[in-house]
Amino acid sequence: MAEEIAPREVYGKTLVELGRENPDIVVLDADLFPSTMTRYFKDAFPERFLEVGIAEQNMVGIACGLAANGKIPFASTFAVFGTSRCFDQIRVSVAQAKLNVKIVVTHSGLTVGEDGASHQALEDLALICSLPGFTVIVPADAVETAQAIRAVAAHKGPCYVRLVRGKLPVILDDSYRFEIGKAYTLRKGKDATIMAIGTMVAPALEATSMLANEGIDCRVLNMSTLKPIDEAAIIKAAQETGAIVTAEEHQEHGGLASTVSRVTAKHHPVPMVFVAVKDKFGMSGKPAELLEKYGLTAKDIAEAVKETLKRKV
Amino acid sequence: MLLYNVGVTMMPSESKKQSKTPTDNSNVGVFSSDEDLAAVCKRLRRDIVTMIGKAGSGHPGGSLSAVEIVVTLYWKVLHHKPADPAWPDRDRFILSKGHAAPVIYAALAECGYFPKSELDTLRKIDSHLQGHADRTSTPGVEMSSGSLGQGLSFAVGAALAGRLDSQSWHVYALLSDGECDEGQTWEAAMSAAMFKVDNLTAIVDKNSIQLSGFTKDIMNLDPLNKKFESLGWHVIEIDGHDLKQVLDALERARTVKGRPTVIIAHTVKGKGVSFMENNVDFHGKAPNPEQLEQALKELA
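Top to bottom, those sequences are chains A and B. Per the numbering used here, the very first residue in the first sequence carries number 14; after that it's consecutive. Per the numbering used here, the very first residue in the second sequence carries number 158; after that it's consecutive.
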């Protein structure tokens, strides 16, 4: 069993490292620093930490004023509050203005668990990906989170990084090098490709073991940069494996399924099945129970692969 | 599309690094003028009605009400360099009421940020003078606004950035009274007081009219002074068309320490054009050719 680490824990610690290296890093939070783990930065650099209270619109606006004047602001809260709650501010003040603001959210998706539907962001990627110029990243584990946070700090322009509440198995080793816009092949395979993001990457790998027992050889791509998407990797997978399954802890609309389909539809259509939330809100429950109820398990991914193979010519 | 290299659209770290080459840290090029401000105001009003008339759409009322405020800022208060919009030491002027873009465009053109002839391109395809203020299009525009209530937050962030870097520049934010309906304005007001940003002055252009009627009928804001006071702001109230009062207030605001200052400027919507004054219809309607002719006669 792989070691499990909460990516938000790594986020908090990486911010402290960045803060030490770069005096222009400023961190903002909206009354959630004990949960988003910006607490480490708050303790290390109190003068560069801004607690704005429960006021996400103002948090985004302040971040814009900081960014326009040479600072690199990281604004953090839960995914629901960091997107839909302040979407117009992100649209006009950040994206239209092309400002160097970093929005890093935690507690995305169903795996928030017991807090239920109001707290389970399942549409945040659809919203953020709809804005021109945004870079959108969904790290698969702690190793990738640390590197992605460093990458967005170095990248000039608006960035969104989506993290979760829980611990995730560490699937990447220290030799891994995250690069914005590049998909990463976690497993080679010829029969079909599973493209996954965030929490669904580990189940995607688990699904390949189940399928291998049935003689099905699956490729797995970690699509951690949702925008700009790695079109070349998608086209290559479509051409070489002829079937694609996407897997995400998000609505089918507007996230990975939509993004990958747009690429295949334009360049190389193949049979596809989407493992995603099907136009439903979440509910309270244990994370594992929720993933099972909403069809987001390794078994669901394996079934989806078999379905695409039936349609493969 | 763009005719100008818009300095402020450069990403921050870039602009910092490059500031040594295109920008100049001396006071050479700082705007100054001895011209009579009343005459400048009249000229700006002519620019405003003319450009909106030529565009065939726009917001004359809230542009005309802010003329004395904007002219006093750009001609007497702000340290700024028209030839170097991204000058690091400049005072920051944030237009939160983005629909009043014509008053800023007129001021920027008159100061020399771009040729006055460009005012004729307002709201036209591929123009760098967008319908609402846009920092990526226009030299000298700090913030993209138009969706109301967002500017004070931006101004707080700018003021905090200046304070973190121990800079002496000051941040001015121009708000409309109507946009005080937006909750974000009050989120920002609370945070400005909490963070004690005394390098920030907000000016509310209190012309008492918003798109669909008088503010007192749409959503009453009064007493506006007490609202800001109760949140910890220093409040100054003035006649926003009295140039002496405007200058005095702006100068006093810069000396207040330990808390932000708001200047509540009582103004007349559509000021200077008889048929636009206090007329709700001219919040967001352009004068037709006859009305433009009449307006220019009155402003001659």
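All C-beta atoms in this analysis are idealised placements derived from N, C-alpha and C, irrespective of residue type, glycine included.
* Asked: Taking just the CA atoms, how far does K363(B) sit from I141(A)?
  -> Straight-line spacing of the CA atoms in I141(A) and K363(B) works out to 35 angstroms.
* Asked: Is A101(A) close to chain B, meaning its C-beta is less than 8 angstroms from at least one C-beta of that chain?
  -> A small correction: the amino acid at residue 101(A) is Asp; Ala does not occupy that position in the sequence shown. Chain B, which has a Cβ nearer than 8 angstroms to the Cβ of D101(A), makes this yes.
* To do: Can you grab the Cα-Cα spacing for the pair K383(B) / N377(B), in whole Å?
  => Between K383(B) and N377(B), the C-alpha separation is close to 13 angstroms.
* **Spatial distance of S97(A) from R104(A) (CA atoms)** => S97(A) and R104(A): Cα-Cα distance of roughly 11 angstroms.
* Can you name the residues of chain A whose CB is closer than 7 angstroms to the CB of R292(B)? -> The CB of R292(B) comes closer than 7 angstroms to the CB of A110 in chain A, given here in chain order.
* First through last residue of the beta strand (DSSP E) which encompasses P150(A) -> The question names Pro, but residue 150(A) is Ile in the sequence shown. From DSSP, the beta strand (DSSP E) with I150(A) extends over 148 to 150.
* To do: Spell out whether any CB of chain A is found under 8 angstroms from the CB atom of V354(B).
  => For V354(B), not one C-beta of chain A is nearer than 8 angstroms to its own C-beta.
* Asked: DSSP state of P59(A), grouped into three classes?
  -> In the structure shown, P59(A) sits in a helix (DSSP, three-state: H, G or I).
* Asked: Does the distance from the CB of G2(A) to the CB of P152(A) come in under 8 angstroms?
  -> Not covered by the structure: residue 2(A). The range shown for chain A is 14 to 326.
* Do the region 214 to 233 of chain B and the region 412 to 432 of chain B touch if we need at least three Cβ pairs shorter than 8 angstroms? -> Taking 8 angstroms as the limit for Cβ pairs, the verdict is that the region 412 to 432 of chain B does touch the region 214 to 233 of chain B.
* Residue closest to V311(B), alpha-carbon to alpha-carbon, out of E305(A), G78(A), L199(A), V165(A) -> Note on identity: in this sequence residue 311(B) is Phe, with Val being the wrong assignment. Closest by C-alpha distance to F311(B), out of E305(A), G78(A), L199(A), V165(A), is G78(A).
* **Complete runs of the beta strand (DSSP E) confined to the region 96 to 181 of chain A [at least 3 residues]** => Unbroken beta strand (DSSP E) stretches of 3 residues or longer found wholly inside the region 96 to 181 of chain A: 115 to 119, 148 to 150, 172 to 175, given in chain order.
* **Straight-line gap, L400(B) to I226(B) (C-alpha atoms, nearest Å)** => Whole-angstrom Cα-Cα distance: 8 angstroms.
* Under three-state DSSP, which class holds S333(B)? -> S333(B) falls in the strand class under three-state DSSP.
* Coil, strand or helix - K240(A) by DSSP -> In the structure shown, K240(A) sits in a strand (DSSP, three-state: E or B).
* To do: Helix, strand or coil for R292(B), going by three-state DSSP, please let me know.
  => Shown here, R292(B) sits in coil according to DSSP, grouped into three states, outside any helix or strand.
* Short CB-CB distance (under 8 angstroms) between L321(B) and chain A -> Judged by the 8 angstroms Cβ criterion, L321(B) is in contact with chain A.
* Thinking C-beta only, is A164(A) closer than 8 angstroms to F191(A)? -> Cβ distance < 8 angstroms, so F191(A) and A164(A) count as in contact.
* Anyone know if the C-beta pair for F287(A) and T259(A) falls short of 8 angstroms? -> In this structure, T259(A) lies closer than 8 angstroms to F287(A) by Cβ.
* To do: Could you tell me which chain B residues have their CB closer than 7 angstroms to the CB of C77(A), listed as they occur along the chain?
  => In chain order: F311, G314.
* To do: Express the C-alpha separation of T238(A) and I116(A) in angstroms, rounding to a whole number.
  => Straight-line Cα distance between these residues: approximately 15 angstroms.
* Any chain B beta carbon closer than 8 angstroms to R329(A) -> Because residue 329(A) is not part of the residues shown, which for chain A are 14 to 326, the question remains open.
* May I ask you to report which of helix, strand or coil DSSP gives P47(A)? => If DSSP states are grouped into helix, strand and coil, P47(A) belongs with the helices.
* Asked: Can at least three beta-carbon pairs, one atom from the region 354 to 370 of chain B and one from the region 428 to 440 of chain B, be found at a separation below 8 angstroms?
  -> The region 354 to 370 of chain B, when compared against the region 428 to 440 of chain B, does touch it at the 8 angstroms Cβ threshold.
* At which residue ranges does the region 189 to 247 of chain A contain complete alpha helix (DSSP H) runs of 4 or more residues, listed in the order of the chain? -> Every alpha helix (DSSP H) stretch that sits fully inside the region 189 to 247 of chain A and reaches 4 residues is listed by chain position as 214 to 226.
* Residues from the region 306 to 320 of chain A in contact with chain B, defined by Cβ distance under 8 angstroms -> Against chain B - using a Cβ distance shorter than 8 angstroms - the region 306 to 320 of chain A contributes no residues.
* Have a look at H280(A), T272(A), I75(A) and flag the residue whose alpha-carbon is nearest the alpha-carbon of K84(A). => It is I75(A).
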